[in-house]
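As given, the protein sequences belong to chains A, B and C, one line each in that order. Mapped onto the numbering used here, the consecutive letters of the first sequence carry residue numbers 715 to 1063. Mapped onto the numbering used here, the consecutive letters of the second sequence carry residue numbers 76 to 370. Mapped onto the numbering used here, the consecutive letters of the third sequence carry residue numbers 12 to 415. Okay, structure first, notes after.
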Amino acid sequence: MSAEAETPTVDEPIVPSPGSTGPSGSPGRRLPLGRLIAALLLVVLAAVPLFVAQFPTSMLARMLIFALLAVSLDLLVGITGLPSLGHAAYFGVGAYTAGLVAKHWTAAAPIPLVAAVVVAAFAAAATGWLAVRSHGVFFLMLTLAIGELIQQLSESWSDVTGGDNGLYGIPAVEVAGEPLVLVGYVYWYVLIFAVLGFAVIWAVSRSPFGAALRGIRDNEARMRSLGYSPFRYKLAGFVIAGAVAGLGGGLLAVQQQLVTPADLGFTTSALALLAVAVGGAGSLWGPAIGAALVVLIRDVYGPDLDGHGTLVLGVVFIVAVYSLRHGIAGLATTQFRRGPGRQTEKADG
Amino acid sequence: MTEWFADNFVSILNGLAIGSLLFILAVGLSLVFGMMDVLNLGHGALYLIGAYVGFQFTGGISSWGGFLTALAVAAAFGLVAGLILSVATEPLVGRGHLDQALLTLGVALVVAEVISIIFGDDVQNVVAPPGLNESIQVFGNTYPAYRLALIGVGAVLAIVVWLVIEKSSLGALIRASVSDREMVSSVGVDNRKVKAGVFAFGSMLAALAGVLGGPVYGARTGLDETVLLLALVVIVIGGLGSVRGALIGSLVIGQVESLGRANLPEFASFMLFGALAVVLIVRPRGLFGSKVGAP
Amino acid sequence: MTQPVFSRRNALGLFGLAGLAATAGCGSSVGGGSSAGSSASGGGGAIKVGLVIPQDGVYTPLGVDMKNGWDLFLERHDGMLGGYEVETVIGDEGEGPDTGVPAIQGLIQRDNVDVLVGIVNSASALGAAEAVAAAKKVLVISNAGANAVTGDARNPYIWRASFNNAQAAFAMGEYLASQQPEGGVFLMAPDYAAGQETFVAFKASYEGGGGTIAGEALTPFGTTQDFQPFLSAIPGSGAGATFVFYSGGEAVSFVQQYAGFGLKDTVPLYGSGFLTEGSVLEAQGEAAVGIQTALHYSTEIDNPANTEFVEAYQKAYDVLPTCFAVQTWDAALVLDLALADAADLSGDAVSEALGGVGEISDSPRGAWTFDGQSPKHVEYLREVQEGDGGLINVVVEELGEYGQ
């Protein structure tokens, strides 16, 4: 057990290394490379609407939104070690909030988004306060229960949420008074805030706070003996993850202009968890790719597969659990191949 | 008081029927979790397999031959599925419980989709065998005979399982594994075989529950999710790894689903998941569970 | 050490992009609006129609019927509507708006259809209303019955060739008010838009006609398998009749359990036609005999168009048609009439032409007209009886014409 804490080359060292966008070893060499790839990716993503037709652009926007959900979940699962099967609840809370604000008050950016983040954070705080007292599979079931409760609420409170019909007729977001109607503009709006959300999670992960979360994930008792309060840290992590998920939800309300109870249900939560596992828990960018894969298979290729895209997802998932021990991120980083199994997914308390 | 009882008699009876079904379904899940800390999220899919096997062999026609065949086939499917799941989770044992749970989740997705591809998405019906296909009078109330039979079957099964677990040496082995599996393996018993056995038995029961539940719930896509959640609530409240707990839990949830829905329809779903959440927070091992907050 | 990682990272990045490239088309998402569909004015030329139906999930059987109705019409009209040659692109609406709305968006943005037809789920219809209006494409709904679609939330591009949720319930309410069942009527429906609208409409005409409601229950939609908790309230309420709205799987379970708990012989069951329409009737079997429902269609309607339609449908598909098939047939029929008169294929022109269609006289359901943008048609009172090849909905009487 103690050996793990002493190998600094594996995964994220306790002392955060400056730079690099992913799991890495020697900080010095990684620095320009990771940044370069990230910058390149950003440029490509930003250029998309100029060269890509409408439908793929809106699909890409959906991928970004789902990626944000997956990355926020990774903060919980991969970094804090809390496997949640109810994370879509905060995604949905954010989406409904943004939708309601846009419909009944104002659609001027970024007010609906801010409201989404705030309300989702509150929801996460209120439920997390109870939830983070649990560990491992109990936490899994508890978050499942909370997610179901919140979904039930969205269906029952139909005066506000529109019930099973969902919240429809959400007006297009307005920037400087002008509604964004063109798909490309909506995409850019989503891109900006998705990058922002990702940056927040990334910064948290890189910070001493993030390091403490990892410490709690790996050995809670030891952290407690070092003077940390695991409960407070876990709760804070839970709230941040919930808030960023809420941001994703707010963006969903913009892109889809419709929010339904399915958006915060068990299936969405399960798919998000799937994306994290396939992408590689703890790596942050892995789950983003995992999320893109899920959207690609289910929404883009799904219709060609007679709506059975989920079957492919299930198979991919099973294969990934066995052979991609650390997800797609594990493929990209040889570090994981070395040494005694350093488990980034050790989610038991 | 007696008037309330008379008015709600059918609901209470129905609650017993649903409770019986839930017990058959949940006891396997509880034992596997108690023993190996493996949360089999594919348990609902096993029920679904049973339900469609039931449909396949009865085909909407009332027949004993079809029904019994369905039971036999479902039992076989369940046993094999359980063994496969046990073997499949074996390589993941060192990687933590989340990975095992996620694997079962993936399997559940695949199974549900395959069933949807084979049988389509229509809602299907399973008809009770002749003789049980009618309604009979119970204290002046008309009640489907099949559901009464279900109560009987559930009771018999409960007794059988209890006898096996409490009175046989196999049962002692299982109870010991639930309490402390390391100790059991250090005594020389191959844990994997016990686990495989329990997994197979529990999965078989789940598939049987699918067939038995057919005349009540039919066979439809999405039923696996519904049923999984109910089973989770039952085992968490009753206590993980405890047969007695599964029985009490399923009787309680059975009443919530019938009496609860009849009298407080808006709150029934909230009650269900609210109860789950409360128990997980306050007393994670449930009413009769044997492990204290085992991760 | 860095080399292999670099190439792997890069490879993964490229992999992601490649996936996108595979789906991307050339084009731009920021230059101007949607590209216009094919061709020129007047007859002659081609039209691309997006057929939105469920091919996955609980509504799949309805999707099959709708496609059958559509295909049959085109087959009997040389694949043409109003002089245009039809290319049909199918979009899978799935089970709810989370799949339905993206499917509709896909048809508009990716496939560039000229006209949309279909939609089972009202939530998908409502959710896509804005997108349809913004793209200025006409949508002819061939199922979704929410009143708001052509009511509060209407826009000039959304038309309906099916029904609205209130009609059958309103008609039945008037009928039962005239029958005056002793003890009043007990109401049940699933708790979502269609069920709620049914309640409102039934109460309006039934109570308006002097009837009393003995009790009511809205059951959780989609998750109720066991109706016993709700059925148990009926004997105690003293109701002389029960009126319900259920469709699909819930209809099967409900009707069977209604009989199973002994209510079939003591409290007569009435419903909106969906309770006994199509494949559910077969699944219900004996338990459904004697149930009276109100709907705008029955295979037993006696008019030449219907006789021909039923015969052709049976020959082509080996089963009896349902109202879902007729609704989509009528959508094609209405488009056929409108496109013949439309100036071009733009949304505005087609919409205007639809407004000028007048009476649609050879529909299998009987003659009907548009009331606003939704059908005004005859509601029939039907009773389930044993027919030659199985159970059928026999027409007992015509209940009158009902609009929005």
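Quick reminder that beta carbons are idealized off the backbone N, C-alpha and C, glycines included. Here the structure is a predicted model, which is why all the values come from computation and not from measurement.
Closer than 8 angstroms to chain A by CB, residue i
i	result
glutamate 141 of chain C	yes
glutamate 78 of chain B	no
proline 71 of chain B	Only positions 76 to 370 of chain B appear in this structure, which leaves residue 71 of chain B out of reach.
valine 112 of chain C	yes
valine 182 of chain B	yes
Where residue i falls: helix, strand or coil (DSSP)
i	result
methionine 199 of chain C	strand
leucine 896 of chain A	coil
proline 240 of chain C	helix
tyrosine 281 of chain C	strand
tryptophan 379 of chain C	strand
glycine 156 of chain C	coil
leucine 232 of chain B	helix
isoleucine 130 of chain C	coil
glutamine 268 of chain C	helix
glutamine 303 of chain C	strand
valine 143 of chain C	helix
glycine 138 of chain C	helix
serine 210 of chain B	strand
valine 149 of chain C	strand
glycine 102 of chain C	strand
threonine 253 of chain C	strand
glutamate 319 of chain C	helix
tyrosine 942 of chain A	coil
Distance between beta carbons of residue j and residue i, contact taken as under 8 angstroms
i	j	result
alanine 120 of chain B	valine 186 of chain B	4 angstroms
glycine 157 of chain B	methionine 258 of chain B	With a Cβ gap of about 24 angstroms, glycine 157 of chain B and methionine 258 of chain B do not count as contacting.
alanine 327 of chain C	glycine 94 of chain C	Not a contact, Cβ separation roughly 24 angstroms.
valine 278 of chain C	threonine 253 of chain C	5 angstroms
isoleucine 192 of chain B	histidine 1022 of chain A	6 angstroms
valine 201 of chain B	glycine 335 of chain B	Incorrect: roughly 25 angstroms between the Cβ atoms, too far for contact.
Residue-level contact to chain C via CB, residue i, 8 angstroms cutoff
i	result
glutamine 865 of chain A	no
tyrosine 947 of chain A	no
serine 1037 of chain A	no
glycine 742 of chain A	Annotation note: pLDDT 48 at glycine 742 of chain A (below 50); position unreliable, no value reported.
glycine 195 of chain B	yes
proline 219 of chain B	yes
Chain-ordered neighbours of residue i on chain C, where CB pairs are closer than 7 angstroms
i	result
phenylalanine 769 of chain A	Gly117, Gln120 and Arg121
glycine 1069 of chain A	The question about residue 1069 of chain A has no answer, for chain A in this structure spans 715 to 1063.
serine 772 of chain A	Gln116 and Gln120
glycine 119 of chain B	Those within 7 angstroms of glycine 119 of chain B in chain C number zero; the least Cβ separation is about 14 angstroms.
Residue i: contacting residues in chain C (beta-carbon distance under 9 angstroms)
i	result
serine 333 of chain B	Asp237, Gln239, Pro240 and Ser243
Cα-Cα separation between residue i and residue j, rounded to whole angstroms
i	j	result
glycine 260 of chain C	glutamine 268 of chain C	12 angstroms
proline 915 of chain A	phenylalanine 98 of chain B	Rather than proline, the amino acid found at residue 915 of chain A in this sequence is isoleucine. Each residue's Cα considered, the two are about 44 angstroms apart.
valine 228 of chain B	isoleucine 860 of chain A	34 angstroms
tryptophan 819 of chain A	alanine 830 of chain A	13 angstroms
tryptophan 237 of chain B	glutamine 865 of chain A	37 angstroms
aspartate 125 of chain C	serine 216 of chain C	40 angstroms
proline 898 of chain A	aspartate 355 of chain C	Per the sequence presented here, residue 898 of chain A reads as glycine, with proline not at that position. So the alpha carbons of these two residues sit roughly 28 angstroms apart.
serine 997 of chain A	aspartate 382 of chain C	59 angstroms
phenylalanine 241 of chain C	valine 239 of chain B	38 angstroms
aspartate 174 of chain B	methionine 855 of chain A	15 angstroms
is_contact[residue i, chain B] using C-beta, thresh 8 angstroms
i	result
phenylalanine 965 of chain A	For the record, residue 965 of chain A in the displayed sequence is leucine; it is not phenylalanine. So no, leucine 965 of chain A is outside the interface.
alanine 299 of chain C	no
threonine 333 of chain C	no
serine 135 of chain C	no
methionine 855 of chain A	yes
valine 263 of chain C	yes
Proximal residues of chain B, C-beta to C-beta of residue i below 8 angstroms
i	result
alanine 228 of chain C	Pro340
isoleucine 1032 of chain A	Leu178, Gly181, Val182 and Val185
Any C-beta of chain D under 8 angstroms from that of residue i
i	result
leucine 1025 of chain A	In the structure shown, chain D cannot be found, because the protein chains are A, B and C.
Contact list for residue i against chain B, beta-carbon separation under 9 angstroms
i	result
valine 131 of chain C	Near valine 131 of chain C there are no residues of chain B at all, since even the closest Cβ is about 13 angstroms away, more than 9 angstroms.
arginine 1043 of chain A	It should be noted that the sequence gives alanine, not arginine, for residue 1043 of chain A. Within chain B, no residue comes near alanine 1043 of chain A; the closest Cβ sits about 15 angstroms away, beyond 9 angstroms.
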